[in-house]
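Numbering (our numbering), first residue to last: 67 to 290.
Here a beta-carbon is modelled for each residue, glycine too, at the ideal position from N, C-alpha and C.
Data block below; observations after.
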Amino acid sequence: MYYNQPPPHNGLQGQDSYLIKVTGDGELAVQPDSASVNLGIITENKELIVAQQRNSQEAKKVIHSLLSLGIPQNHIQTFDYRIESDYDYEQGKQIFRGYKITHILQIQLEDLTLIGKVVDTGVQNGVNYVSNVQFKAKNKDSYYRKALTLAINNAIEKAKTIAGTLNVTLFPIPSLVIEGGGVVQPFYHHPETLVKGISSTQFEPGQILVKANITAEFHYKPKY
Numbered sequence: 067m068y069y070n071q072p073p074p075h076n077g078l079q080g081q082d083s084y085l086i087k088v089t090g091d092g093e094l095a096v097q098p099d100s101a102s103v104n105l106g107i108i109t110e111n112k113e114l115i116v117a118q119q120r121n122s123q124e125a126k127k128v129i130h131s132l133l134s135l136g137i138p139q140n141h142i143q144t145f146d147y148r149i150e151s152d153y154d155y156e157q158g159k160q161i162f163r164g165y166k167i168t169h170i171l172q173i174q175l176e177d178l179t180l181i182g183k184v185v186d187t188g189v190q191n192g193v194n195y196v197s198n199v200q201f202k203a204k205n206k207d208s209y210y211r212k213a214l215t216l217a218i219n220n221a222i223e224k225a226k227t228i229a230g231t232l233n234v235t236l237f238p239i240p241s242l243v244i245e246g247g248g249v250v251q252p253f254y255h256h257p258e259t260l261v262k263g264i265s266s267t268q269f270e271p272g273q274i275l276v277k278a279n280i281t282a283e284f285h286y287k288p289k290y
C-alpha cells in the first residue's frame, strides 16, 4: 500500500524542488488474549493395525479429558496425522522395526490460565509430545493500524529533524508514503517431548510485538 500526493506548486518546481526521504518505524507491545498448543499421541508397534488401534484409543482418551476441562469441541482439531515405517540400521543393512503413528491435536484456548492444565491433563492421559505453544492477539489488525500510525509519526519527526538541522522549510505533508509491511511476533514455546509424571507446567504469556514500517518522501525548500 502507498500514498502519493503531487508535489506542491508554491516554489517547489524545477530547481527549487528538493526532497527528503526517510523511513518510519512503529512498535507496539500488547498482551496476548488467546493461545494454541499442539498435543501429540505417538504409538509404535510392528503391526500397523495394532499401532492404529492404540493410537485411536489414546486420542479418544485425550480428547475426552480435554472436554472435561470445559474446552469446546470445535476448539480441538486434528493438526497432523502420520503413518511412518521405522527402521534400524545394522552393519549397513536396513531392518524393519515397526510402524509409528503420530496424531497431533491442536487446541485453541481463550483462557490463558488453562494452558498449563491442558498440557498436564493431556500428558496424564496419553500425550507424549507437545509442540508449538503459541500466544496470540485476536485483534492484531487493530494493533497493526496503531503501529502504522506510530511509524508515520516517526517518519514525520525524522523529516522535521533533518529539515531543522539543514535550516530549510519543510512541507509537513509527505508527497509519497510506501507501506513496508508489518510483523506480528507472537511468543512461542519451543517444541519438546513430554513424558507422564510431569505436573504443574508453567507458561508465561509475555507480550506480543506488533511492528510496522514505512518509507516517506517530503518536499522542502531553502530559506531565502
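Cβ shell of residue i (< 7 Å), same chain only, five flanking positions each side left out
i: Ala289; result: Checking the displayed sequence, the identity of residue 289 turns out to be Lys instead of Ala. Result list for Lys289: Asn233, Val234, Thr235, in chain order.
i: Glu246; result: Residue identity differs from the one stated: residue 246 is Gly in this sequence, not Glu. Only Asn279, Ile280, Thr281 meet the Cβ criterion.
i: Val96; result: Ala203, Tyr209, Gln273, Ile274, Val276
Residue i - partner residues in DSSP beta bridges
i: Asp152; result: Gly164
i: Tyr210; result: None; Tyr210 has no bridge partner.
Proximity winner among the options, relative to residue i (alpha-carbon distances)
i: Ile161; options: Tyr286, Asp152, Glu113; result: Asp152
i: Glu124; options: Ile274, Gly136, Leu105; result: Leu105
i: Phe284; options: Lys277, Leu275, Lys226; result: Lys226
i: Leu114; options: Asp99, Ala203, Lys166; result: Lys166
i: Val88; options: Gly192, Val184, Phe269, Glu223; result: Glu223
i: Ile296; options: Gly182, Ala221, Lys112; result: Any property of residue 296 remains undetermined from this structure, which presents the chain solely from 67 to 290.
Neighbourhood of residue i by C-beta distance below 6 Å, restricted to the same chain and skipping five residues each side
i: Ser265; result: Here the model assigns Ser265 a pLDDT of 48, short of 50, so the residue's position is not dependable, and the following value carries that caveat. Closer than 6 Å at the Cβ level, and outside the excluded window around Ser265, lie Asp186.
i: Asp146; result: Ile170
i: Gln143; result: Gln172
i: Arg120; result: Thr109
i: Glu270; result: none
Residue i vs residue j beta-carbon contact at 8 Å
i: Leu242; j: Gly92; result: no
i: Ala217; j: Gly90; result: yes
i: Ser100; j: Glu176; result: yes
i: Leu133; j: Lys183; result: no
Per-residue DSSP class, three states only, for residue i
i: Asp177; result: coil
i: Lys226; result: helix
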